[in-house]
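Be aware that the sequence shown starts at 63, since it is given in my numbering, and climbs by one per residue. We put the CB at the ideal spot given by N, CA and C, even for glycine. The structure presented is a predicted model; accordingly, all values stated were derived computationally and were not measured.
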Amino acid sequence: MALANLLRGTAFFAGFLPSFSRLGYEARRRRWPSARLNFQGQRWLVTGASAGIGRAIAVGAAQAGAEVVAVARQRDALERLAQDLPTGTLRPLTADLSLMQAVEQLARQSVARHGPFHVLVNNVGAMFNQPATSEEGLDKGYATNLLGHYHLTRALLANGGLGTAATVMHMSSGGMYNVPLELERLDSHRRYDGTLAYATHKRAQVALNGWWRRHYGDAINSYVMHPGWVDTPGVASAMPEFRRAVGGLLRDPEAGADTALWLAATRPAQASPEGIWFDRALRSAHRLPGTRDGAHVEALVRKLDQSLAALQPPLQLTA
Ligand SMILES: NC(=O)c1ccc[n+]([C@@H]2O[C@H](COP(=O)([O-])OP(=O)(O)OC[C@H]3O[C@@H](n4cnc5c(N)ncnc54)[C@H](OP(=O)(O)O)[C@@H]3O)[C@@H](O)[C@H]2O)c1
């Protein structure tokens, strides 16, 4: 089993390194036209905005004129970011995306103070190498990577927090190429493997984006994206060996943020609800055999709704 995991991991990293690393970004960006971003008059809500890719998205949007509500758990990091911003407006708001009551409060507060939003960036994500349970009794990875943003998006749809045809972005990961959508892997602690659980959350985000597009395509313009492999605090703490191995080939956070800012600026039409955006292009969400064999997305949505419905006290905001 350990050998199989090692071989699978090595094949994955070697196969995707040229594309997902800085090398792929540098090669592709030469073909992109240069254009100044202009988000004047827009209001953005960005989760996980105090560090890494989320921070680069929040700063990029604010410097291009957007008023950005920046969400994370630690207020001091958000306040430092707001103070250090040379131009633009960034409004700190604390919330823990792994707690559904906190997500609901975030939906209320952010809209009452700053909404409705033109752009929502569902960026928070983390790899939990050990199984962990939230105060609400949910698997922490499942809650942080999937359920929190599902609830946030629905809550904002329910309370008018998203303007007409608002852009909604979900931050997936190329790790999802490794796995099918196995519902038990989303939140089970039996035979727990943090890398596989994380990859499955990211696979679920991709499936869910197709669902958002099919069911809410008139209300929101939903995209799912992969940022490439980026040097961030999250990678340093959860994947130190990977970081050492890839080293100087990791992208910087601004490169990781590029596709998100580009999607918001161009709002490209998406002929099919399937696929994942990466380096400014829509790409297939399947590269390896067997990854199409997973659960149907409707079963995923039922599971997410059941997780939310089981919480006490009951949640109020659902679309
Ligand atoms: N880095 C990569 O190579 C890579 C590759 C593929 C996909 N991604 C995805 O890109 C996204 C960003 O990754 P990153 O590497 O930039 O992350 P990161 O460096 O770990 O930064 C995470 C940000 O999210 C906040 N955060 C973490 N947990 C939170 C929670 N429960 N509630 C609210 N805020 C929380 C953190 O601030 P606080 O600690 O103050 O809350 C911080 O601002 C994730 O979805 C990740 O899965 C990253």
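{"query": "Only counting the same chain, and skipping five residues up and downstream in sequence, which positions put a Cβ closer than 8 Å to that of Ala-113?", "result": "Ala-134, Ala-139, Thr-294, Pro-295, Gly-296"}
{"query": "Alpha carbon to alpha carbon, what distance is there between Gly-71 and Ser-83?", "result": "16 Å"}
{"query": "With three or more C-beta pairs closer than 8 Å as the rule, is the region 121 to 128 touching the region 144 to 158?", "result": "yes"}
{"query": "Say yes only if the C-beta of Thr-109 is nearer than 7 Å to one or more non-hydrogen atoms of ligand 1, and no if none qualify.", "result": "yes"}
{"query": "Going by Cα to Cα distance, which pick from Trp-324, Gln-332, Gly-272, Asp-314 is closest to Glu-19?", "result": "Within the shown structure, residues of the chain are numbered from 63 to 381, placing residue 19 beyond reach of any answer."}
{"query": "Rank Glu-303, Gly-309, Ala-347 by C-alpha distance to the C-alpha of Val-286 and give the top, closest one.", "result": "Ala-347"}
{"query": "By the three-class DSSP mapping on this structure, what secondary structure does Thr-328 have?", "result": "helix"}
{"query": "Alpha carbons only, please: which of Val-183, Ala-188, His-213 is nearest the one belonging to Thr-284?", "result": "Per the sequence shown, the amino acid found at residue 284 is Ser instead of Thr. Checked all of Val-183, Ala-188, His-213; the closest Cα to Ser-284 is Val-183."}
{"query": "Considering only residues of the region 166 to 231, which uninterrupted beta strand (DSSP E) runs meet the minimum length of 3 residues and lie entirely inside it, listed in chain order?", "result": "179 to 184"}
{"query": "Assuming Tyr-239 is part of the beta strand (DSSP E), what are its boundary residues?", "result": "Segment: none, Tyr-239 is in no beta strand (DSSP E) and carries neither H nor E."}
{"query": "When you compare only the Cα positions, how much space is there between Gly-337 and Gly-356?", "result": "16 Å"}
{"query": "Note down, in chain order, each residue of its chain lying with its Cβ closer than 6 Å to the Cβ of Asp-201, except the 5 sequence neighbours on either side.", "result": "Asp-249"}
{"query": "Any idea which residues DSSP pairs Pro-154 with across the strands?", "result": "Ala-132"}
{"query": "Please report how far the alpha carbon of Ala-169 lies from the alpha carbon of Gly-223, in whole angstroms.", "result": "7 Å"}
{"query": "Can you tell me which of Met-238, Phe-179, Gln-171, Lys-264 puts its alpha carbon nearest to the alpha carbon of Asn-207?", "result": "Lys-264"}
{"query": "To the nearest angstrom, how far is the alpha carbon of Ala-300 from that of Trp-291?", "result": "13 Å"}
{"query": "Flag Leu-71 as yes when its Cβ comes closer than 7 Å to any non-hydrogen atom of ligand 1, and as no otherwise.", "result": "The question names Leu, but residue 71 is Gly in the sequence shown. Checking every heavy atom of ligand 1 against the Cβ of Gly-71, none is found closer than 7 Å."}
{"query": "Kindly list the residues whose CB is nearer than 7 Å to the CB of Leu-362, restricted to its own chain and excluding five residues on each side of it in sequence; keep chain order.", "result": "Leu-243, Leu-245, Ala-266, Ala-269, Leu-270"}
{"query": "Shorter than 7 Å, the distance from the beta carbon of Val-121 to the closest heavy atom of ligand 1, or not?", "result": "no"}
{"query": "Here's the rule I'm using: 16 or more other beta-carbon atoms within 10 Å means buried, otherwise exposed. How should Gln-104 be labelled?", "result": "buried"}
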